[in-house]
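Read through the structure below, which is laid out as structure tokens, and then see the notes.
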Amino acid sequence: MSKTETGASPGGAEGRDEDLGAAGSQLSTAPREETAVAPGFGVIGWVRWFWRQLTSMRVALLLLLLLSLGAIPGSLIPQTGADLNKVDEFRKAHSTLAPVYDKLGLFHVYSSVWFSAIYILLFVSLIGCIVPRTWQFVGQLRGRPPGAPKRLTRLPAYTTWRTTAEPEQVREAALALLRRRRFRAHVAGDAVAAEKGYVRELGNLVFHIALIVLLVAFASGQLYKSDGTKLMVEGDGFSNALPMYDDFKSGSLFRNDDLVPFSFDLKDFRATYEVSGPSRGTPRTFEARIKYSEGAYGKAKPATVKVNKPLEIGDSKVYLVSHGYAPVITVRDGKGKVVYHDAVPLLPLDGNVTSNGVIKVMDGYRDARGRKDQLGFQAFFVPTFDPKSGTMLSQFPSLVNPLLAVNAYHGDLGVDAGQSQNVYQLDTQHMKAFKDAKGQLLKKLLKPGDSLQLPDGAGSLTFDKDVKEWAGFEIVQERGSGWALGGALAAIFGLAASLFIQRRRVWVRAVRGADGVTVVEMGGLGRSESAKVPEELGDLAGILYDQAPGAPEPDDVNESTVVPAEGAEK
80 MSKTETGASP GGAEGRDEDL GAAGSQLSTA PREETAVAPG FGVIGWVRWF
130 WRQLTSMRVA LLLLLLLSLG AIPGSLIPQT GADLNKVDEF RKAHSTLAPV
180 YDKLGLFHVY SSVWFSAIYI LLFVSLIGCI VPRTWQFVGQ LRGRPPGAPK
230 RLTRLPAYTT WRTTAEPEQV REAALALLRR RRFRAHVAGD AVAAEKGYVR
280 ELGNLVFHIA LIVLLVAFAS GQLYKSDGTK LMVEGDGFSN ALPMYDDFKS
330 GSLFRNDDLV PFSFDLKDFR ATYEVSGPSR GTPRTFEARI KYSEGAYGKA
380 KPATVKVNKP LEIGDSKVYL VSHGYAPVIT VRDGKGKVVY HDAVPLLPLD
430 GNVTSNGVIK VMDGYRDARG RKDQLGFQAF FVPTFDPKSG TMLSQFPSLV
480 NPLLAVNAYH GDLGVDAGQS QNVYQLDTQH MKAFKDAKGQ LLKKLLKPGD
530 SLQLPDGAGS LTFDKDVKEW AGFEIVQERG SGWALGGALA AIFGLAASLF
580 IQRRRVWVRA VRGADGVTVV EMGGLGRSES AKVPEELGDL AGILYDQAPG
630 APEPDDVNES TVVPAEGAEK
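Just so we're aligned, residue 80 is where the sequence shown starts under this note's numbering, counting upward by one.
In structure tokens, the structure reads:
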């Protein structure tokens, strides 16, 4: 009958490691946590102390937490790099908070001094943690598992039995068994030393290296990125050059020459909606059919850009982000000459694409007396007008019953002053309104094909029967997105490996006893207290016991004190 024991050793993990010596050391590459001692006087002492604190894993986790907390204001407070108009509106609405936010850099969080300091410290901390741990891990891979401690009974998992097999035979059988179970094993003296679970430490290092990759990818993406928008009516073209954008912002290290050379034309835009049921009016599909070419002389190729399915050209991605309607308007002067003919994009105000905008006639117009003047029209458009509702609110997003409401002004548009203007707003400060016969503001509801006649032979505005659609595109160019994705996936797999794989060691000692019978001892040690180590040791012991069966026990053994290990009671 065999004698076996399992269980935790007295004195706790710290006392056990001290008793085991090298056998219980270096089960991970994590440095030992030492009690902080105030450094002595001198610059070098303080520098060493600061470096030890900065490169500790505790500080790295704290900096990572601070970085996450620091990113919260960037999501809640308008940022100058994203929308300058919203920042201006916030300053006007919060006159007390705005100066405080300015001093704290909360309107430009990601480029602020304090956020950059946390970012750089985290970067340095991670490198300071990873480099020595990687060097130590490489040394462990190049070395061998440490030899068995003198007293295997101190291990948390332990079993023993007596066998008639020779010690050499037991060690050979144990070595073959452990290697079949993918342990790194070798014979060290009178015992076989084996170790398994190096992937845990590898996963830990991969996780931290992946964090560095993410930080670098994020930094390069912010410094070299560009983000611009362009509104295009069906039939319009676009070339990826700075003057072609409606709005453009970029990182501090981005240069105009970094723009990927390409161009595309918007051939057609199509949108479909639910026509019945509780989801009536809900969009089903948005598709922009384009033809694009890469480089200056690239061959034109057709493509379809959909929501969340951008067109990728090199490092650039073309996203479809918005759409609306652009009624075709024709304006004639007092002599009937066409002075304006174009599709006018109008901005949606609700989910049913009720839209508004302005029409500006800046050059070429002359009134009935032949004098130069400028015209401005405020336009309000509904793609589906319902006469029963009595309001200028669209009842459906598609063009079912379009209606255009306009009023007219003449005078100075303010465009000759050289100051930029919002193309969707009309400044009437230096303009006069056209009046109807009752002396009221001249306005009219127009169906496709209808016209608004300006008083005193000043001309007319015609709502043509053709209503085009426009699409809003966002062109994003950002380096490091592939590295960021790879770093994120590596971090997930590395973290999973460090959490679910346990590093453990097993020793098998076989020596001849005083009575000439071989005594076999097996012990296991894990990175942390876990039931898997005793279970695995019991399984290994059961297999080895079949190859080296037990010998009869001496009569004077008190078997009542024996506790069998799992799998070893055979």
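Glycine is no exception: its CB is placed at the ideal position from the N, C-alpha and C atoms.
First through last residue of the beta strand (DSSP E) which encompasses residue i
| i | result |
| --- | --- |
| E600 | 597-605 |
| V417 | 417-422 |
| N164 | Note, N164: premise wrong, no beta strand (DSSP E); alpha helix (DSSP H) at 163-172. |
| N435 | 434-440 |
| P381 | 380-385 |
| F475 | Counting along the chain, F475 falls outside any beta strand (DSSP E), and DSSP gives it neither H nor E. |
| L524 | 522-525 |
| Y237 | 236-242 |
| K511 | 510-512 |
Local conformation of residue i per DSSP, three classes
| i | result |
| --- | --- |
| V271 | strand |
| Q219 | helix |
| D412 | coil |
| Y324 | coil |
| L338 | coil |
| A630 | coil |
| S577 | helix |
| S468 | coil |
| M136 | helix |
| K309 | strand |
| I571 | helix |
| S395 | strand |
| S299 | helix |
| T114 | Summary for T114: the model assigns pLDDT 47, below 50, so the residue's position carries little reliability, and this model does not support an answer. |
| V590 | strand |
| N283 | helix |
| E657 | Missing from the structure shown is residue 657; the chain here goes from 80 to 649 and no further. |
| G226 | coil |
| V188 | helix |
| A405 | strand |
| D429 | coil |
| P211 | helix |
| Y624 | helix |
| R359 | coil |
| Y503 | coil |
Per DSSP, cross-strand counterpart(s) of residue i
| i | result |
| --- | --- |
| V122 | Answer is none; V122 lacks a bridge partner. |
| D344 | G316, K370 |
| I151 | DSSP, once it has assigned bridges, lists no residue as partnering I151. |
| G538 | L533 |
| I554 | G307, V397 |
| R584 | E274, L604 |
| Q453 | G490 |
| S329 | S305 |
| V461 | L482 |
| Y352 | P362 |
Residue from the options whose Cα sits closest to the Cα of residue i
| i | options | result |
| --- | --- | --- |
| L521 | F542, K182, Q457, V271 | Q457 |
| D465 | N480, K451, Q453 | N480 |
| Q301 | T308, G160, K526 | G160 |
| D269 | A150, P381, V599 | V599 |
| P462 | V494, S331, G403 | G403 |
| A512 | G493, A196, L533 | L533 |
| G652 | G536, A563, E553, L483 | There is simply no residue 652 to check, as the chain begins at 80 and stops at 649 in what is shown. |
| A570 | F286, N431, K229 | F286 |
| E74 | Y624, Q626, G603, F216 | In the structure as shown, the chain starts at 80 and stops at 649, and residue 74 therefore has no counterpart that could be examined. |
| V417 | G449, G360, A379, S539 | S539 |
| V292 | V166, V203, A610 | V203 |
| K370 | D394, V585, D344, K378 | D344 |
| F460 | G415, K439, N435 | N435 |
| M510 | M471, V440, L294 | V440 |
| I206 | A610, D495, V295, R223 | V295 |
Own chain partners of residue i with C-beta closer than 6 Å, once the 5 adjacent residues on each side are dropped
| i | result |
| --- | --- |
| P631 | none |
| F333 | Y303, S305 |
| E366 | R349, T383, K385 |
| V407 | A422, D543, D545 |
| L47 | No information on residue 47 is available, as it lies outside the stretch 80 to 649 that the chain covers here. |
| V596 | R241, A630 |
Residue i: first and last residue of the uninterrupted alpha helix (DSSP H) it sits in
| i | result |
| --- | --- |
| Y180 | 176-183 |
| D259 | Per the sequence shown, residue 259 should be read as Arg rather than Asp. Looking at the DSSP string, the run of the alpha helix (DSSP H) that includes R259 is 246-259. |
Close beta carbons around residue i, own chain, < 7 Å, minus the five adjacent residues each side
| i | result |
| --- | --- |
| Q132 | V138 |
| L185 | P152, I156 |
| V397 | V384, P389, L390, F552, I554 |
| E251 | none |
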